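Here our numbering = 1-based position in the sequence shown + 3. Here's the structure we're looking at; comments come further down.
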Amino acid sequence: MKTLLLAFSAILLLNSMNPMERKSIHSFKVTDIEGKSFDFSSLKGKKIMVVNTASKCGLTPQYEQLEAVYSKYKAEGFVIVGFPANNFMSQEPGSDKEIASFCVKNYGVNFPMMSKISVKGKDMHPLYKFLTEKSQNGLEDNSVKWNFQKYLLDENGYLIRVIPPTTLPDDPSIISWIKS
Numbered sequence: 004m005k006t007l008l009l010a011f012s013a014i015l016l017l018n019s020m021n022p023m024e025r026k027s028i029h030s031f032k033v034t035d036i037e038g039k040s041f042d043f044s045s046l047k048g049k050k051i052m053v054v055n056t057a058s059k060c061g062l063t064p065q066y067e068q069l070e071a072v073y074s075k076y077k078a079e080g081f082v083i084v085g086f087p088a089n090n091f092m093s094q095e096p097g098s099d100k101e102i103a104s105f106c107v108k109n110y111g112v113n114f115p116m117m118s119k120i121s122v123k124g125k126d127m128h129p130l131y132k133f134l135t136e137k138s139q140n141g142l143e144d145n146s147v148k149w150n151f152q153k154y155l156l157d158e159n160g161y162l163i164r165v166i167p168p169t170t171l172p173d174d175p176s177i178i179s180w181i182k183s
């Protein structure tokens, strides 16, 4: 009987353990577009949209909707974090300084913009490995299809949804998630 109880206890213990510890975006530190450190732990308690951006893409006008959504919902605990990337047909060739100037001048961007990174390939930034690998994000394996792919993360920093590049930032499903 003692052996049976011991075995049953061991089974309960093993079943209560999570085989994969889910990583949070809050464990990442990156460099912002001005060269300063940006700690994602500062966003604990906020819903986050991470988006890879480009200045010379057919989807570049999404900056306007991104800024509008950010401005409207930032007081409700929502933040957008942009990552310029030159991975798709060299559509983001500029320096961080040039990208920052372009974003402000053309779209009035006030949401946090980070330093240009790679979002795919051998030199993929660790943050994007987290966003694209189920072994790290706990949700799904995915790949960045194009500029302006969006990743939605909950208040705990967990990935909850990947949004295709052509879906606009003000899509009703995104707004509904922000407001929920």
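Positions of the beta carbon are idealized from the N, C-alpha and C atoms, including for glycine. Please read these numbers as outputs of a predicted model, since none were measured by experiment.
Annotated three-state conformation of F31 is coil, per DSSP. Between the beta-carbon of K153 and that of P172 there is about 7 Å, and that keeps the pair under the 8 Å contact cut. Across the structure, C60 and S183 are spaced so that their CA atoms are roughly 31 Å apart.
Between A57 and N150, the CB-CB gap stays under 8 Å.
Of all C-beta pairs linking the stretch 117-124 to the stretch 88-101, three or more are shorter than 8 Å, placing the two stretches in contact. Only residues of its own chain outside the window of five on either side were considered, and among them V53, N140, Y154, L162 have a CB closer than 7 Å to the CB of L134, listed in chain order. In the structure shown, T56 adopts extended strand secondary structure according to DSSP, grouped into three states. P115 sits close to V84, with the two beta carbons spaced by under 8 Å.
Judged by DSSP secondary structure, S40 falls within the beta strand (DSSP E) whose first and last residues are 40-42. For K153, the enclosing beta strand (DSSP E) stretches over residues 153-156.
Cβ-Cβ distances below 7 Å link Y76 to I181 in the same chain, with the five nearest sequence neighbours on each side left out; the list follows chain order.
Rounded to the nearest whole angstrom, the CA to CA distance from N109 to I36 is 16 Å.
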